[in-house]
Amino acid sequence: MKQGKVIIISAPSGCGKSTIIKALRERGNIDMGFSVSATNREPRPGEKDGEHYYFLTTEQFREAIDRGDFVEYEEVYPGRYYGTLRSEIDRITGEGHNVVLDIDVKGGERVKKLMGDRAISLFILPPSVDELRRRLEGRGTDAPDVIDQRVGRAEFELSFAPRYDCRVVNDDLQEAVDNAERILKEFVDAE
Ligand code: ADP
Ligand code: 5GP
Numbered sequence: 003m004k005q006g007k008v009i010i011i012s013a014p015s016g017c018g019k020s021t022i023i024k025a026l027r028e029r030g031n032i033d034m035g036f037s038v039s040a041t042n043r044e045p046r047p048g049e050k051d052g053e054h055y056y057f058l059t060t061e062q063f064r065e066a067i068d069r070g071d072f073v074e075y076e077e078v079y080p081g082r083y084y085g086t087l088r089s090e091i092d093r094i095t096g097e098g099h100n101v102v103l104d105i106d107v108k109g110g111e112r113v114k115k116l117m118g119d120r121a122i123s124l125f126i127l128p129p130s131v132d133e134l135r136r137r138l139e140g141r142g143t144d145a146p147d148v149i150d151q152r153v154g155r156a157e158f159e160l161s162f163a164p165r166y167d168c169r170v171v172n173d174d175l176q177e178a179v180d181n182a183e184r185i186l187k188e189f190v191d192a193e
């Protein structure tokens, strides 16, 4: 069976990664399973364990590191760890499906290096940093200090955009999903 390919999607928090990935999966034109990462952050209202993330305690996250469970992991915010599980990638690509990873810029670079031509990296850009803040505020899931932290990190993350294989600006959502779909479909359909 043909092994699935790896789709890496990164962007500063609030740029619309989750929204775009959800829309792409709902449209169903590209076969892709979502790799559920592990994190030690608290679940947001509505987030389910095993669906959005595997929510671990810091102790459990450390144990997973020691067991070598992660392809990569990062401390994306101080004390907040996120990691891509080897078992998720193997399970999804082993069944012949492509896999999509919603991961931060450092993790994205690491996985791209590891996977080479088997992976494509896509960066989602916000129309502006001001709009990014408005979206985080509008999402209403993070406290003001957390929003400040996320906007503060955005500039660092945006500096990685030129190093990704391709970029899509998420201004009009439908247009962004169309553009992402076109780019990713071409990649997964290529031999
Ligand atoms: P991320 O996964 O990158 O952190 P989300 O997908 O949660 O970002 O999006 C952040 C907020 O912005 C959400 O409330 C979402 O509904 C909203 N949003 C996403 N894309 C757009 C867009 N093109 N225009 C306006 N709001 C958007
Ligand atoms: P959030 O807390 O908003 O869900 O995610 C915060 C950041 O962590 C986002 O940039 C997201 O892409 C990143 N992230 C989620 N899972 C992983 C992962 O497994 N590895 C890495 N390196 N980053 C991740």
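With the first letter of the sequence shown counted as 1, position 185 gets the number 187 in this note's numbering; the numbers rise by one all the way through.
Yeah, the Cβ is synthetic: ideal placement off N, Cα and C, and Gly gets one too.
Remember, predicted model here, so these are calculated numbers, not experimental data.
Where does residue i sit, in a helix, a strand or coil, going by DSSP?
i: D51; result: strand
i: V38; result: coil
i: L26; result: helix
i: L58; result: coil
i: T86; result: strand
i: E97; result: coil
i: P104; result: According to the sequence as given, residue 104 is Asp; it is not Pro. DSSP places D104 in strand when its eight states are reduced to three.
i: E77; result: strand
i: F162; result: coil
i: G18; result: coil
i: P146; result: helix
i: I185; result: helix
i: A192; result: coil
With a threshold of 7 Å, establish whether the CB of residue i neighbours any heavy atom of ligand 1.
i: S15; result: yes
i: S20; result: yes
i: N1; result: Given a span of 3 to 193 for the chain in the structure shown, any question on residue 1 remains unanswerable.
i: D119; result: no
i: R43; result: no
i: R137; result: yes
i: L175; result: yes
Please indicate yes or no: does the CB of residue i lie closer than 7 Å to some heavy atom of ligand 2?
i: E76; result: yes
i: Y56; result: no
i: G142; result: no
i: D104; result: yes
Among all the DSSP beta bridges, which residues are the ones paired with residue i?
i: L127; result: V171
i: A121; result: V8
i: F72; result: L87
Determine whether the Cβ of residue i lies closer than 8 Å to any Cβ atom of chain C.
i: I67; result: The structure shown has no chain C; it contains just one protein chain.
Thinking residue i and residue j are a contact (beta carbons under 8 Å), I'd like their distance in whole angstroms, please.
i: V113; j: I105; result: 7 Å
i: S123; j: I10; result: 4 Å
i: G18; j: L186; result: Not quite, the Cβ-Cβ distance comes to about 15 Å (not below 8 Å), so this is no contact.
Margin query: Measuring CB atoms only, is the segment 155 to 164 touching the segment 7 to 25, in the sense that at least three cross pairs come out at less than 8 Å?
Written below: yes
Next item on the list: Flag this pair as touching only if the segment 107 to 126 and the segment 42 to 50 have three or more C-beta atom pairs under 8 Å; answer yes or no.
Entry: no
Check: Using 8 Å as the Cβ pair cut-off and three pairs as the minimum, do the segment 34 to 43 and the segment 81 to 96 touch?
Finding: yes
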